[in-house]
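2 protein chains.
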Amino acid sequence: MKTDSGVAPGTATLRGKAAAAPQTGRQRLMAAALQLAATTRSLASLGLREVARQAGLNPNTFYRHFKNFDDLGLAVIEELAGELRQGLRERRRRPLGDALRLDAAKDPLELMRRAEGIIQESVALVLEFVTEHQQAYVVGIRELHGTSPVLRGALRKVFDELATDMAEDMLEIVPPQFVDAQAVHGIAAVVIREMAFYSLDYLEQPARRDQIRTEAQRFILMLLWGGMAMRMPQVLAARAR
Amino acid sequence: MKTDSGVAPGTATLRGKAAAAPQTGRQRLMAAALQLAATTRSLASLGLREVARQAGLNPNTFYRHFKNFDDLGLAVIEELAGELRQGLRERRRRPLGDALRLDAAKDPLELMRRAEGIIQESVALVLEFVTEHQQAYVVGIRELHGTSPVLRGALRKVFDELATDMAEDMLEIVPPQFVDAQAVHGIAAVVIREMAFYSLDYLEQPARRDQIRTEAQRFILMLLWGGMAMRMPQVLAARAR
DNA sequence: CGGCAAAGTAGACGAGTGTCTACGACGATG
DNA sequence: CATCGTCGTAGACACTCGTCTACTTTGCCG
């Protein structure tokens, strides 16, 4: 009856499993739920026994650690959100030194030209990060529009935090004279959402990856242009002198 | 046991139900599935018997009309997509007469000022339309990121068609000299996606509706600005003369 | 060593599910 | 009138599910 999914962990058998086996039962359950949600169905509609089976545990073990499925979902989201946020921040910081900081005195066209390069790197980094965390990303974007209000709220908060981070970084690159500081957060939020969307395509259609990558870059650049043009067309115009 | 959801339709009882009762069993099943998917869980994870119960039909009736749940989902999507596309086209056409067509000869700033008004109306119309088709919209955006590849593909096609329509209309308003014709489709696609996102908020948070509305307007305007600025910063600059 | 709480297991319960085969109603078409 | 395909119904099958109570294992702390 025991098929192939999980190995019985209880008594004495092997403890290091296939790929970086989580040790505590709680973590095993979370990992199993994430994997199932990424491949089979929505997180909230998973079966208690299904997850336990995937984790190689007794169904009742679930009750020891979680009471709801929302509870488990929240735990998974919380764990992954921290990792994702930290990872993105690390990577986003890396390529930008103080040397690259764009001077406010320079004209906007020069600014945009250099921003283009930075965006190129950023998009590459995000997409690279996404490929390393496929399951988390797929499930995240799924549940963002899912049925559980609890998970939706949690994920919305996560995405908002990511947007805040990105806005902060954007304001470091593009001086606030050129864009409405409040609008920057809006831009970042849209970029985050759209990047998540692009990421789905990116993961599912490996053949079109280059195309998707440049598409994403163009989109972000366009948003930045729009933000600047809306704020100060006269600056753009002034450059023509 | 029979609670309140559906009335037995079979033999002789009343035939006109509460609100615009669908007549054929197939339609009843589709309506029931839509309603359940909008309120309870994802379309693919619905129960066969659950839907039949909601429709007030025998579980086995499902088999007469659909074989899969993907099958039912496709039928629902197809029906609603037609209605939605047609409805949006009708409404989008209405407020734009030939009188409002923006002259290519005019300078971009004047063009954008008038585009702002048009966008204002368009956003209002879309949101109004959305409130009239809450269920369809919620389910649509849900399944766009859902688990069934079949439904995802179908919905992606629907969204793409909507984007094509919108791009077509945008090119009627904004002459192609000002924006890259290919980029317009991209802009439209993003607008459609983001509008769907805004719509969820719009439906769920009636208190913030005005805020969301203006936010959406700003976003679209910004995208348009970005598209123009990216294409021809020199045009914007030229206006300063 | 003794005890105790946390973690995991075992088995059983009623309820709900997908699917199958068989049967009744009904409107067309000949 | 007979017949046939469509639509809806009825009952049953094996299965999974969530939840409950009771038991065993494990590791920790004094």
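Protein sequences, first through last, are from chains Y and W.
Oh and the first sequence: position 175 is 175 in the UniProt record's numbering, straight run, nothing missing.
Oh and the second sequence: position 65 is 65 in the UniProt record's numbering, straight run, nothing missing.
Even for Gly, the Cβ is constructed at its ideal location relative to N, Cα and C.
- [ ] On a CA-only basis, which of W:Phe219, W:Thr24, W:Gly227, W:Met230 is nearest Ser122 of chain W? Give me that one, please.
- [x] Cα-wise, what sits closest to Ser122 of chain W is W:Phe219.
- [ ] Compute the Euclidean distance between the alpha carbons of His185 of chain Y and His185 of chain W, then round it to the nearest angstrom.
- [x] Their Cα atoms are separated by approximately 25 Å.
- [ ] Put Phe66 of chain W into one of helix, strand or coil per three-state DSSP.
- [x] Phe66 of chain W carries a coil assignment under DSSP once its states are collapsed to helix, strand and coil.
Task: Leu29 of chain W versus Val51 of chain W: straight-line alpha-carbon distance, rounded - done: Using only the alpha carbons, I get a separation of about 7 Å.
Open item on the list: Looking only at its chain, what residues have a beta carbon closer than 6 Å to the beta carbon of Ala124 of chain Y, apart from the 5 residues adjacent to it on each side?
Closed with: Within its own chain, no residue has a Cβ closer than 6 Å to the Cβ of Ala124 of chain Y once the five positions on either side in sequence are excluded.
TODO: Confirm, please, whether the CB-CB distance from Leu200 of chain W to Val138 of chain W is below 9 Å.
DONE: For Val138 of chain W and Leu200 of chain W, yes; Cβs fall inside 9 Å.
Task: Contact list for Ser45 of chain Y against chain W, beta-carbon separation under 8 Å - done: When 8 Å is used as the limit between beta carbons, Ser45 of chain Y is near these residues of chain W: Arg41, Ser42, Ser45, in chain order.
TODO: Flag this pair as yes or no: are the beta carbons of Gly140 of chain W and Val126 of chain W separated by less than 9 Å?
DONE: The answer is no: Cβ separation not under 9 Å.
Open item on the list: Check whether the segment 194-213 of chain W and the segment 202-216 of chain Y are in contact - that is, three or more C-beta pairs closer than 8 Å.
Closed with: No contact exists between the segment 194-213 of chain W and the segment 202-216 of chain Y.
Open item on the list: To the nearest angstrom, how far is the alpha carbon of Glu161 of chain W from that of Glu143 of chain Y?
Closed with: A direct Cα-to-Cα measurement between Glu161 of chain W and Glu143 of chain Y gives close to 25 Å.
TODO: Answer yes or no: does any C-beta atom of chain Y fall closer than 9 Å to that of Val190 of chain W?
DONE: With 9 Å as the cut-off, Val190 of chain W counts as an interface residue toward chain Y.
Open item on the list: What does the alpha-carbon distance come out to for the pair Asp166 of chain W and Ser42 of chain Y?
Closed with: Here residue 166 of chain W is Met; the residue named in the question, Asp, does not match the sequence. Straight-line Cα distance between these residues: approximately 32 Å.
- [ ] Please work out which residues of its chain come closer than 7 Å, Cβ to Cβ, to Met230 of chain Y, disregarding the five sequence neighbours upstream and downstream, and give them in chain order.
- [x] Cβ neighbours of Met230 of chain Y beyond the five flanking positions: none.
TODO: Keeping to the same chain, check which residues put their C-beta closer than 7 Å to that of Met222 of chain W; ignore five residues upstream and five downstream.
DONE: Result list for Met222 of chain W: empty, nothing under 7 Å.
Task: Backbone CA spacing between Gln211 of chain W and Gln217 of chain W [nearest angstrom] - done: Answer to the nearest angstrom: the Cα atoms are 10 Å apart.
Task: Per-residue burial, Met228 of chain W [other beta carbons within 10 Å of its own, 16 or more giving buried] - done: With 16 or more Cβ atoms within 10 Å of its Cβ, Met228 of chain W is classed as buried.
Open item on the list: Can you tell me whether residue 243 of chain W is helix, strand or coil according to DSSP?
Closed with: Because residue 243 of chain W is not part of the residues shown, which for chain W are 1 to 241, the question remains open.
Task: Backbone secondary structure at Leu57 of chain Y - three-state DSSP - done: The answer is coil: DSSP assigns Leu57 of chain Y none of H, G, I, E or B.
Task: CB contact flag (His133 of chain Y, Glu83 of chain Y, <9 Å) - done: Going by C-beta atoms, His133 of chain Y is nearer than 9 Å to Glu83 of chain Y.
- [ ] From the DSSP output, in three-state form, read off Thr11 of chain W for me.
- [x] Confidence in Thr11 of chain W is poor, its pLDDT being 33 and thus under 50, which makes the residue's placement too unreliable to answer from.
- [ ] Tell me whether Ala188 of chain W is buried or exposed, calling it buried when 16 or more other Cβ atoms sit within 10 Å of its Cβ.
- [x] A residue is called buried once 16 or more other Cβ atoms fall within 10 Å of its Cβ, and Ala188 of chain W is buried on that count.
Task: Three-state secondary structure (DSSP) of Gln205 of chain W - done: Shown here, Gln205 of chain W sits in coil according to DSSP, grouped into three states, outside any helix or strand.
- [ ] Drop a sphere of 10 angstroms on the beta-carbon of Gln54 of chain W, count the other beta-carbons inside from all chains shown, and report buried for 16 or more, exposed for fewer.
- [x] Only buried fits Gln54 of chain W, as 16 or more other CB atoms lie within 10 angstroms of its CB.
TODO: Keeping to the same chain, check which residues put their C-beta closer than 6 Å to that of Ala18 of chain W; ignore five residues upstream and five downstream.
DONE: Since pLDDT at Ala18 of chain W reaches only 36, below the 50 mark, its modelled position is unreliable, and the value read off the structure follows with that caveat. Here the set comprises nothing.
Open item on the list: List, from N- to C-terminal side, the alpha helix (DSSP H) runs of 4 residues or more that fit wholly inside the segment 126-184 of chain Y.
Closed with: Runs of the alpha helix (DSSP H) inside the segment 126-184 of chain Y: 134-144, 149-173.
- [ ] Whole angstroms is fine: what's the gap from Thr147 of chain Y's alpha carbon to Thr39 of chain W's?
- [x] Here the alpha carbon of Thr147 of chain Y sits roughly 8 Å from the alpha carbon of Thr39 of chain W.
TODO: Determine, using beta carbons only, whether His185 of chain W comes closer than 9 Å to chain Y.
DONE: The beta-carbon of His185 of chain W is placed no less than 9 Å from the nearest beta-carbon of chain Y.
TODO: With 9 Å as the threshold, decide whether the Cβ of Ile141 of chain Y is near any Cβ in chain W.
DONE: At least one C-beta of chain W is nearer than 9 Å to the C-beta of Ile141 of chain Y.
Open item on the list: With a threshold of 9 Å between beta carbons, is Glu50 of chain Y in contact with chain W?
Closed with: No, Glu50 of chain Y does not count as interfacial toward chain W.
TODO: Assuming Val150 of chain W contacts Leu74 of chain W (C-beta within less than 8 Å), just tell me the rounded distance between them.
DONE: Contact flag correct, Cβ pair sits at about 7 Å.
Task: Closest by C-alpha distance to Leu224 of chain W, when choosing among W:Arg114, W:Ala196, W:Ile77 - done: Of W:Arg114, W:Ala196, W:Ile77, the residue nearest in Cα terms is W:Arg114.
Task: 9 Å Cβ cutoff, Met170 of chain Y in contact with chain W - done: So no, Met170 of chain Y is outside the interface.
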